[in-house]
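According to my numbering, the stretch in the sequence shown is residues 1 to 437, in order.
Here a beta-carbon is modelled for each residue, glycine too, at the ideal position from N, C-alpha and C.
Right, one structure below, let's go through it.
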Amino acid sequence: MHAFRIWLDRLAQSPNYKWVVVGLLFFSGFLNLEDRVVIFSVMPLIRQELTLSDFQIGALMTAFLWTYALSSPFAGFFGDRVARKRILVGCLILWSLVTFAVGLVTSAGQLVAARVLLAITEAFYIPASLAIVADYHTKSTRAKAVAVLVIGMNLGPILGGAAAGWIGDHYGWRPVLLILGGIGILLASVQFVFLREVAMGASDAAAGKSYGTAVPLARPVALGATIRELLGTPSYVLMVLSVGIVAIGVWMLITWLPLFLVETFKMSLAQSGFWGNLAITGSVFISALAGGALSDFVGAKQPRRRMLLMVVFYALVLPWPLLFFAAKSVTVVLVSIFLFQLCRGMAELNSFPLIYELVPPDKRSTAVGISNCVNTIFGGGGALVVGYFKSSLGFQTVFGLVPAMIAISVGCLLIGYLKFLPRDLARRGAVAPAEPS
Numbered sequence: 001m002h003a004f005r006i007w008l009d010r011l012a013q014s015p016n017y018k019w020v021v022v023g024l025l026f027f028s029g030f031l032n033l034e035d036r037v038v039i040f041s042v043m044p045l046i047r048q049e050l051t052l053s054d055f056q057i058g059a060l061m062t063a064f065l066w067t068y069a070l071s072s073p074f075a076g077f078f079g080d081r082v083a084r085k086r087i088l089v090g091c092l093i094l095w096s097l098v099t100f101a102v103g104l105v106t107s108a109g110q111l112v113a114a115r116v117l118l119a120i121t122e123a124f125y126i127p128a129s130l131a132i133v134a135d136y137h138t139k140s141t142r143a144k145a146v147a148v149l150v151i152g153m154n155l156g157p158i159l160g161g162a163a164a165g166w167i168g169d170h171y172g173w174r175p176v177l178l179i180l181g182g183i184g185i186l187l188a189s190v191q192f193v194f195l196r197e198v199a200m201g202a203s204d205a206a207a208g209k210s211y212g213t214a215v216p217l218a219r220p221v222a223l224g225a226t227i228r229e230l231l232g233t234p235s236y237v238l239m240v241l242s243v244g245i246v247a248i249g250v251w252m253l254i255t256w257l258p259l260f261l262v263e264t265f266k267m268s269l270a271q272s273g274f275w276g277n278l279a280i281t282g283s284v285f286i287s288a289l290a291g292g293a294l295s296d297f298v299g300a301k302q303p304r305r306r307m308l309l310m311v312v313f314y315a316l317v318l319p320w321p322l323l324f325f326a327a328k329s330v331t332v333v334l335v336s337i338f339l340f341q342l343c344r345g346m347a348e349l350n351s352f353p354l355i356y357e358l359v360p361p362d363k364r365s366t367a368v369g370i371s372n373c374v375n376t377i378f379g380g381g382g383a384l385v386v387g388y389f390k391s392s393l394g395f396q397t398v399f400g401l402v403p404a405m406i407a408i409s410v411g412c413l414l415i416g417y418l419k420f421l422p423r424d425l426a427r428r429g430a431v432a433p434a435e436p437s
């Protein structure tokens with residue numbers, strides 16, 4: 001045991017340990033997204049057993065997302081005050097226990113209650129994980145590190161969705177939740193052993209940034225004061241708003257696409273779980289790796305360019321919901337969703353590295369929490385809207401209206417890029433005099 005501790009200490013002091021941290025969070029991110037969406041891979045079985053309507057199915061995702069939204073600012077603030085290791089291990093244990101409990105529910109009311117608890121416990125993960133990654137990685141590798149986390153989160157629905165569909169076809173939907181809950185408890189024990197805390201601002205201090213001195217955890221700044229400072233950064237506000245608007249379409253897909261494939265194209269649960277989630281999240285391997293490298297290459301020295309990349313790739317998102325609306329074959333449906341998500345992913349990989357430049361280290365977790373709050377409020381509305389209009393208009397028609405919202409998102413980013421971002425970055429000392437527009 002003593003020799004193992006010595007080896008562990010040496011590992012933690014290695015320059016490559018920052019990638020060990022990313023690897024650990026890769027696997028917990030895998031479960032974080034999979035545990036929240038897995039029920040939709042086996043929804044036909046749950047719907048039949050618990051007699052759920054379309055509106056109730058939409059409400060399951062909306063209840064999760066709106067609870068997640070309300071919890072996120074507080075979870076983010078908590079992540080700026082408490083050791084991130086404790087948060088990451090603790091929330092993984094709690095959401096895994098809730099996932100296990102979902103496999104035991106016997107009514108729609110119990111399922112909704114479990115979704116609410118799952119949202120509260122999962123809300124702490126993303127702010128704390130992104131904040132600790134920012135403190136281990138300088139701006140030269142941050143986008144790449146975030147890309148690995150994004151891959152982990154999106155790999156969960158692909159592999160987990162296919163496995164969940166196969167298990168559901170052969171053994172029912174309940175074993176899926178029980179297995180995922182057990183895996184989460186085992187992973188939490190691994191993270192407890194291998195994950196080490198790091199001082200806030202450590203990577204910025206190493207890079208010599210103006211606000212980059214390591215600060216202690218639990219710095220006594222009120223939540224209200226932190227939120228006022230963040231809202232006083234217009235480019236941050238506009239970026240968060242733009243990502244939230246696009247999230248309306250994203251959560252429509254996550255909630256409804258697997259069921260749409262079963263009902264419209266008569267796929268099995270395993271097929272809809274695999275192909276649906278592959279279309280939604282499979283593009284992340286391209287967007288995360290290519291987008292992360294592109295973001296660091298273009299924006300490491302001029303962070304302002306990261307927002308310009310968001311504008312370009314969000315504009316490229318516009319045609320694909322229209323193709324989905326006109327699609328008559330499952331191939332065209334899946335290709336349109338894949339390209340929608342590819343361009344969206346290339347855009348949004350720039351958002352978190354830009355937040356790191358706009359926000360001081362002791363407020364980053366709160367900043368991510370507020371971003372998640374807006375994202376999930378909008379996304380929950382999207383899931384519920386489909387549930388309300390699906391029987392009268394159809395899923396394809398509702399999703400075909402998404403380009404109008406994306407155009408608004410692009411407009412928000414252009415205003416931020418042209419009017420506010422140079423000033424906000426200069427105020428943070430994150431950039432030399434801004435390049436001309």
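Phenylalanine 274 sits close to glycine 161, with the two beta carbons spaced by under 8 Å. The beta carbon of alanine 383 sits closer than 6 Å to the beta carbons of Gly58, Met61, Thr62, Trp251, Thr255 from its chain, once the five residues preceding and following it are set aside; these are given in chain order. Cβ-Cβ distances below 7 Å link lysine 144 to Gly292, Ala293, Asp296 in the same chain, with the five nearest sequence neighbours on each side left out; the list follows chain order. Between valine 38 and leucine 180, the CB-CB gap stays under 8 Å. Per the Cβ contact rule, the region 72-83 is in contact with the region 360-375 (3 or more Cβ pairs under 8 Å).
Of the candidates Gly172, Val368, Ala367, Leu308, the residue whose Cα lies closest to the Cα of alanine 347 is Leu308.
In terms of Cβ geometry, glutamine 341 and serine 283 form a close pair [threshold 8 Å]. Between valine 398 and phenylalanine 389, the C-beta gap is smaller than 8 Å, which places the two residues in contact.
Every candidate beta strand (DSSP E) stretch fails here, since none sits fully inside the region 119-157 while reaching 3 residues. Rounded to whole angstroms, lysine 85 and alanine 327 show a C-alpha spacing of 46 Å.
The beta carbon of alanine 114 sits closer than 7 Å to those of Val98, Ala101, Val102, Val105, all from its chain and outside the five residues before and after it, given in chain order.
If you look at tryptophan 7, you'll find it in the alpha helix (DSSP H) that goes 2-13.
A Cβ-Cβ contact shorter than 8 Å links arginine 306 with proline 353. Of the candidates Arg304, Leu241, Phe30, the residue whose Cα lies closest to the Cα of threonine 281 is Phe30. Here methionine 310 is buried, its C-beta having at least 16 other C-beta atoms within 10 Å. Sequence-distant partners of asparagine 350 (beyond 5 residues in either direction) whose C-beta falls short of 8 Å from its own C-beta, in its chain, are Ala143, Gly291, Ser295, Gly299, Arg306, Met307, Leu309, Met310.
Around the CB of serine 28, 16 or more other CB atoms lie within 10 Å, so the residue is classed as buried. Distance from the CA of asparagine 375 to the CA of alanine 12, rounded to the nearest whole angstrom, comes to 34 Å.
Just measuring C-alpha positions, the residue of Arg47, Ile93, Tyr68, Leu65 sitting nearest serine 107 is Arg47. For tryptophan 95, the uninterrupted alpha helix (DSSP H) segment begins and ends at 84-102.
In the same chain as alanine 119, and ignoring 5 residues on each side of it, the C-beta atoms closer than 6 Å to its own belong to Phe64, Thr67, Tyr68, in chain order. Valine 237 is not a Cβ neighbour of tyrosine 314, given a cutoff of 8 Å.
Ranking Leu186, Leu269, Val133 by CA distance to the CA of tryptophan 95 puts Leu186 first. The beta carbons of alanine 270 and tryptophan 166 sit closer together than 8 Å. Apart from the 5 residues on each side of it in sequence, glutamine 191 sits with its Cβ closer than 7 Å to the Cβ of Leu24, Ser28, Leu88, Val89, Leu92 in its chain, given in chain order. The beta carbons of asparagine 372 and serine 129 sit no closer together than 8 Å. When C-alpha distances from alanine 147 are compared across Arg81, Val335, Ala134, the shortest belongs to Ala134.
In this structure, the alpha-carbon of glutamine 396 lies about 5 Å from that of phenylalanine 325. Taking the Cβ atoms as the reference, tryptophan 320 lies roughly 11 Å from leucine 334, outside the contact range of under 8 Å.
Boundaries of the alpha helix (DSSP H) around serine 392: 364-393.
Spatial neighbours of arginine 174 in its own chain (CB-CB distance under 7 Å, excluding positions within 5 residues in sequence) are listed in chain order as Gly103. Straight across, the Cα-Cα distance linking leucine 155 with glycine 184 is about 15 Å.
Collapsing the DSSP output to three states places arginine 81 in coil. In the DSSP annotation of this structure, glutamine 302 is not part of any alpha helix (DSSP H), being labelled neither H nor E. Judged by DSSP secondary structure, tyrosine 171 falls within the alpha helix (DSSP H) whose first and last residues are 161-171.
When the Cα atoms are used, methionine 1 and leucine 8 turn out to be separated by approximately 10 Å.
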